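Engineer:
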Amino acid sequence: MRTEQLEYIAAVTRLGSLRRAAEELRVSQPALSETVRNLERELGVDLLERKRSGSTMSAQGRELLPHIASVLEALDRLRAAAGEQHRISRMVRVGTVNAATVPLLVPVVRDFRATHPVTQVEVVGVQQTEIQRALREGGFDLGLVNHLDGDDVPAGLETSRLLRGRPVVCMHPGSPLASRPAITVEELLREPLVAMRSGYVMHRFVHRLLAGRDPVFSYSTDGAEMGKLMVAEGLGATVLPDFSVIGDPLERLGRIIHRPLADDSTHVLLMLQRRKGDAVPQAAQDLHQGFVRRAREMNGVSAPVAPTACTVGA
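Each residue of the sequence shown is one higher than the last, beginning at 5 in our numbering.
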């Protein structure tokens with residue numbers, strides 16, 4: 005059982021319909037409905053009565069509602085207590101998918117260190133779903149995640165768009181593909197491919213790009229940083245957002261290069277997320293602003309602005 009399942013059913017009960025709850029939570033109605041059905045299967049009861057005119061709480065659901073509310077209230081108290089302990093400590097925890105963060109993260113942390121010499125920054129590389137779960141539960145202060153255009157933004161998180169890029173083929177300078185101005189899918193299929201493990205946005209993108217076809221040989225790795233190292237050693241090519249490659253130390257040293265994908269218009273968004281409504285420690289606020297300023301510099305915009313919540317694709 006997940007916290008979001010209880011939050012979703014509470015929202016449906018409060019708003020009186022799946023549609024209104026989906027709009028408030030910023031998730032698709034089918035995704036919300038499936039989440040509620042999973043909770044019903046786990047509990048063994050029908051929480052909602054589904055009719056053509058809409059969904060309402062069932063009699064069994066109404067009996068369980070006080071228990072659901074009690075669990076959510078207890079979680080809020082736990083988060084508040086954890087947040088207070090975190091504010092007292094001198095640490096900011098950042099979760100990152102490690103798919104686009106070296107050119108962005110390293111300068112930000114370096115500048116933050118200069119102004120916050122006694123505050124430790126803990127950077128944890130995990131998958132996107134784990135980052136968002138830890139943000140909701142208070143385990144991370146900030147999260148750096150990738151989205152494809154059209155992806156839903158999870159409820160309960162404030163999201164700022166940092167970078168907007170395109171998928172590119174990252175390769176060794178000696179690769180046969182290096183002479184090409186752009187790489188077609190057919191050319192990519194003829195090369196060994198270093199793919200991201202399932203659960204990463206770029207795994208999902210490449211799976212869609214190849215449309216079920218298999219490359220001549222493939223590796224699977226957990227995160228872009230290891231993928232770029234494997235490319236630098238000549239093991240194959242990989243597909244990453246351009247902002248993951250441009251300015252990377254390996255690119256600056258001439259160990260890796262990149263080429264655009266032919267006939268592809270996909271955009272990848274690097275997003276900075278944090279939990280909504282929390283009393284954010286000043287150090288975490290300052291680091292958040294540092295990411296926004298650095299992203300604007302990378303985008304060629306000099307004047308920093310405060311981060312604002314946004315929806316992917318907006």
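Glycine included, C-beta positions come from ideal geometry on N, C-alpha and C.
This one's a predicted model, so the numbers in the text were calculated from it and none came from an experiment.
If you reduce the DSSP assignment to three classes, tell me which class THR225 lands in.
Structural biologist: Walking along the sequence shown from the start, residue 225 turns up at place 221. Three-state DSSP puts THR225 in a strand.
Engineer: Tell me the DSSP bridge mates of LEU146?
Structural biologist: Here residue 146 is taken as the residue at index 142 of the sequence shown, counted from 1. In DSSP, LEU146 forms a bridge with VAL98.
Engineer: Are GLN64 and ASP50 closer than 9 Å when you measure CB to CB?
Structural biologist: The residue labelled residue 64 in the question sits at position 60 within the sequence shown. The residue labelled residue 50 in the question sits at position 46 within the sequence shown. It is a contact, given that the beta carbons lie within the stated cut-off.
Engineer: Could you give the C-beta distance for ALA199 and TYR223, rounded to a whole number, given that I count them as a contact under 8 Å?
Structural biologist: By 1-based counting over the sequence shown, the position of residue 199 is 195. By 1-based counting over the sequence shown, the position of residue 223 is 219. Contact flag correct, Cβ pair sits at about 7 Å.
Engineer: Flag this pair as yes or no: are the beta carbons of VAL172 and LEU109 separated by less than 9 Å?
Structural biologist: Taking the first residue of the sequence shown as 1, we reach residue 172 at position 168. Taking the first residue of the sequence shown as 1, we reach residue 109 at position 105. Cβ distance not < 9 Å, so VAL172 and LEU109 don't count as in contact.
Engineer: For the pair the segment 176–193 and the segment 285–298, tell me if three or more CB-CB distances fall below 8 Å.
Structural biologist: The answer is no - the segment 285–298 does not touch the segment 176–193, with fewer than three Cβ pairs under 8 Å.
Engineer: What residues in its chain sit with their C-beta under 6 Å from that of LEU166, if we drop five residues either side in the sequence?
Structural biologist: For this step, residue 166 is matched to residue 162 along the sequence shown. The residues are LEU274, LEU276, ALA299.
Engineer: How do the segment 140–156 and the segment 277–291 stand: do at least 3 beta-carbon pairs fall below 8 Å, yes or no?
Structural biologist: Yes: the two stretches touch, three or more of their Cβ pairs being nearer than 8 Å.
Engineer: On the premise that VAL272 lies in contact with PRO245, defined as a C-beta separation below 8 Å, what is that separation, rounded to the nearest angstrom?
Structural biologist: If you number the sequence shown from 1, residue 245 lands on position 241. If you number the sequence shown from 1, residue 272 lands on position 268. Confirmed, about 4 Å.
Engineer: For the beta strand (DSSP E) containing ILE261, list its first residue and its last residue.
Structural biologist: Here residue 261 refers to the residue found at position 257 when the sequence shown is read from its first residue. Note, ILE261: beta strand (DSSP E), 261–264.
Engineer: Excluding sequence positions up to five away, which residues of its chain have a Cβ less than 8 Å from the Cβ of ARG41?
Structural biologist: Working through the sequence shown from its first residue, we reach residue 41 at position 37. Hits under 8 Å: none found.
Engineer: Would you call ILE92 buried or exposed, if buried means 16 or more other Cβ atoms sit within 10 Å of its Cβ?
Structural biologist: The sequence position of residue 92 within the sequence shown is 88, counting from 1. In this prediction, ILE92 scores a pLDDT of 45, lower than 50, which makes its location untrustworthy; the coordinate-derived value is nonetheless stated afterwards. Under this definition ILE92 is an exposed residue.
Engineer: For GLU53, which residues in the same chain have their Cβ closer than 6 Å to its Cβ, ignoring the five residues on either side in sequence?
Structural biologist: The residue labelled residue 53 in the question sits at position 49 within the sequence shown. The residues are THR60, SER62.
Engineer: Between ARG117, MET95, ILE13, VAL106, which lies nearest to HIS71 when the distance is taken from Cα to Cα?
Structural biologist: Translated into positions along the sequence shown, residue 71 becomes position 67. The residue with the shortest Cα to Cα distance from HIS71 is ILE13.
Engineer: From what residue to what residue does the beta strand (DSSP E) around GLN124 run?
Structural biologist: For the purposes of this step, residue 124 is taken as the residue at position 120 of the sequence shown. Start and end: 124–129.
Engineer: Between VAL122 and ARG97, how many whole angstroms is the CB-CB distance? I'm expecting something under 8 Å.
Structural biologist: The count along the sequence shown starts at 1 and reaches residue 122 at position 118. The count along the sequence shown starts at 1 and reaches residue 97 at position 93. The pair is not a contact, with the Cβ atoms about 16 Å apart (cut-off 8 Å).
Engineer: To the nearest angstrom, report how far apart ILE135 and SER164 are at their CA atoms.
Structural biologist: Taking the sequence shown and counting its residues from 1, the one referred to as residue 135 is at position 131. Taking the sequence shown and counting its residues from 1, the one referred to as residue 164 is at position 160. When rounded, the distance between both Cα atoms is 15 Å.
Engineer: I'd like to confirm the pairing. Which residues does DSSP put opposite GLY169 in its beta bridges?
Structural biologist: Here residue 169 refers to the residue found at position 165 when the sequence shown is read from its first residue. Paired residues: VAL272.
Engineer: Select from ARG170, SER269, MET206 the residue whose C-alpha is nearest the C-alpha of ILE250.
Structural biologist: For the purposes of this step, residue 250 is taken as residue 246 along the sequence shown, with counting starting at 1. Minimum Cα distance to ILE250 is reached at ARG170.
Engineer: Thinking just about the alpha-carbon of each residue, which of HIS207, ALA236, ARG94, ASP218 is nearest to the one in ASN150?
Structural biologist: Your numbering for residue 150 matches position 146 in the sequence shown. The option with the nearest alpha carbon to ASN150 is HIS207.
Engineer: To the nearest angstrom, report how far apart VAL16 and LEU29 are at their CA atoms.
Structural biologist: Looking up residue 16 in the sequence shown gives position 12. Looking up residue 29 in the sequence shown gives position 25. C-alpha separation (whole angstroms): 10 Å.
Engineer: Could you tell me the boundaries of the beta strand (DSSP E) in which THR188 lies?
Structural biologist: Start at 1 with the first residue of the sequence shown, and residue 188 comes out as number 184. Unbroken run through THR188: none, as it is neither H nor E.
Engineer: Determine the direct distance from the alpha carbon of GLU195 to that of SER183, and round the result to whole angstroms.
Structural biologist: In the sequence shown, residue 183 corresponds to position 179, counting from 1. In the sequence shown, residue 195 corresponds to position 191, counting from 1. Distance between the alpha carbons of SER183 and GLU195 is about 14 Å.
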